[in-house]
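Colleague:
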Amino acid sequence: MTSLIAIGAAIAVFTGIGAGIGIGLATGKAAESIARQPEAEGKIRSTLLLGCALAEATAIYGFVIGLLIIILLG
């Protein structure tokens with residue numbers, strides 16, 4: 001049973017990988033957009049920060065769920 005708990009917690013923490021990939025892709029595209037249209041830098045930056053915050057929130061939720069699985073079921 002403890003191995004299943006560890007597997008469940010590991011799967012929950014894997015959301016950090018998706019968030020990291022998403023933030024990396026978004027940052028790259030934002031840099032390209034700023035290079036093409038420097039006058040729109042403010043709008044691009046604010047949209048990028050909002051998207052990165054949402055992506056990072058999913059990683060934090062996954063981490064918290066992983067901890068709860070370990071603490072409550074372990």
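For the sequence shown, the residue numbers in UniProt numbering are 1 to 74. Where a beta carbon is used, it is the ideal one built from N, C-alpha and C, also for glycine. If you're wondering where the values come from, they're calculated on a predicted model, not measured in any experiment.
(1) Buried or exposed: which applies to I17, given that a residue is buried once 16 or more other Cβ atoms fall within 10 Å of its Cβ?
(2) Mind checking whether E56 and I21 have CB atoms under 8 Å apart?
(3) Roughly how many angstroms separate the alpha carbons of E32 and A59, rounded to a whole number?
(4) Excluding five sequence neighbours on each side, which residues of the same chain lie with their C-beta closer than 6 Å to the C-beta of T15?
(5) Under 8 Å by Cβ, that's how I've got L50 and A26 pegged, so tell me the actual separation to the nearest angstrom.
(6) Between A9 and the rest of its own chain, which residues show a CB-CB distance below 7 Å, the 5 nearest in sequence each way excluded?
Modeller: Reading it off the structure:
(1) Translated into the one-based positions of the sequence shown, residue 17 becomes position 17. The residue in question, I17, is exposed, as its Cβ has fewer than 16 Cβ neighbours within 10 Å.
(2) The sequence position of residue 56 within the sequence shown is 56, counting from 1. The sequence position of residue 21 within the sequence shown is 21, counting from 1. Judged by beta-carbon spacing, I21 lies beyond the 8 Å limit of E56, meaning their Cβ atoms are not closer than that value.
(3) Numbered from its first residue, the sequence shown carries residue 32 at position 32. Numbered from its first residue, the sequence shown carries residue 59 at position 59. Near 25 Å, if we compare the C-alpha coordinates of A59 and E32.
(4) Position 15 of the sequence shown, counting from 1, holds the residue named residue 15. The answer, listed in chain order, is T58, A59, G62.
(5) Start at 1 with the first residue of the sequence shown, and residue 50 comes out as number 50. Start at 1 with the first residue of the sequence shown, and residue 26 comes out as number 26. Actually they are not in contact, since the Cβ atoms of L50 and A26 sit about 10 Å apart, beyond 8 Å.
(6) In the sequence shown, residue 9 corresponds to position 9, counting from 1. Once the five neighbours on either side are set aside, the close Cβ partners of A9 are G66, I69, I70.
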